[in-house]
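Heads up: the structure comes next, in structure tokens.
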Ligand SMILES: [Zn+2]
């Protein structure tokens, strides 16, 4: 931050999958501010507090709209620097735009095998049918840009899923098969989809342009540099 963009805060999470819930006890009423279906907040055990389904939820249902103050990446970085916002708390909603999430919205934990997905800007929806008393969780990595100029965020994960990635990072750290499944489910926010499109386009170019053509071009450029000196 402040001239060091690599330090700017990124998406949600932190040092454990329940980091957002580590702020002490909160009420069910608080959780209901974000949720669109009956939920309750309680301890998850080893991973702090989390939000749970108070009734069965059908696949595709809008479960919650995460909310908070819309802030720029610079403001976000400044707040982290000033100690009024934890690096782990903001939700990225655009390339340089974040939500400083409210308390209720911070109580949705991460899972590497989530039952919720994020679409539009901050809508959490059910990726599958969810049973009553299941914890409601989404994959934080789906919300984090891979742009290394703004993202250095990582998080140790203890979600307990069989496919737990253990170290959670930006969107391109998600295994390809899982990214494909998320795409089929319509899980990503618009700014992440734009980013994925750019990656796919770059890969497509790489497939169509032989590596030797790139090497030749680089050699030509180097010769040009030498002539300029
Ligand atoms: Zn995990």
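In our numbering, the protein residues as written are 1 to 229.
Where a beta carbon is used, it is the ideal one built from N, C-alpha and C, also for glycine.
All of these numbers come straight from a predicted model, not from anything done at the bench.
Cβ pair residue 170, residue 145 closer than 8 Å: What you label residue 170 is simply residue 170 of the chain shown in a count that begins at 1. What you label residue 145 is simply residue 145 of the chain shown in a count that begins at 1. The answer is yes: Cβ separation under 8 Å.
Contact defined as beta carbons within less than 8 Å: I believe residue 191 pairs with residue 48. What is the distance between those atoms, to the nearest angstrom? In the chain shown, residue 191 corresponds to position 191, counting from 1. In the chain shown, residue 48 corresponds to position 48, counting from 1. At roughly 28 Å, the Cβ-Cβ gap does not stay under 8 Å, so residue 191 and residue 48 are not in contact.
Looking at the unbroken beta strand (DSSP E) that takes in residue 69, where does it start and where does it end? Here residue 69 refers to the residue found at position 69 when the chain shown is read from its first residue. Segment 68-72, the beta strand (DSSP E) holding residue 69.
What are the start and end residues of each continuous beta strand (DSSP E) run of 3 or more residues lying completely inside the stretch 48-127, in chain order? 49-53, 62-65, 68-72, 91-94, 97-101, 116-119, 123-126
Could you have a look at residue 137 and say whether DSSP puts it in helix, strand or coil? The residue given as residue 137 occupies position 137 in the chain shown. Residue 137 falls in the strand class under three-state DSSP.
Residues in the same chain with beta-carbon distance under 8 Å from residue 182, minus the five sequence neighbours each way, listed in chain order, please. Here residue 182 refers to the residue found at position 182 of the chain shown. These residues qualify, in order along the chain: 117, 139, 142, 174, 188.
Under a three-way DSSP split, which group does residue 174 fall into? Here residue 174 refers to the residue found at position 174 of the chain shown. Of the three classes helix, strand and coil, the one that applies to residue 174 here is coil, per DSSP.
Note down, in chain order, each residue of its chain lying with its Cβ closer than 8 Å to the Cβ of residue 26, except the 5 sequence neighbours on either side. The sequence position of residue 26 within the chain shown is 26, counting from 1. Summary for residue 26: the model assigns pLDDT 37, below 50, so the residue's position carries little reliability, and this model does not support an answer.
From 201, 205, 216, 39, residue whose alpha carbon lies closest to that of residue 57: Walking along the chain shown from the start, residue 57 turns up at place 57. Among 201, 205, 216, 39, the Cα nearest to that of residue 57 belongs to 39.
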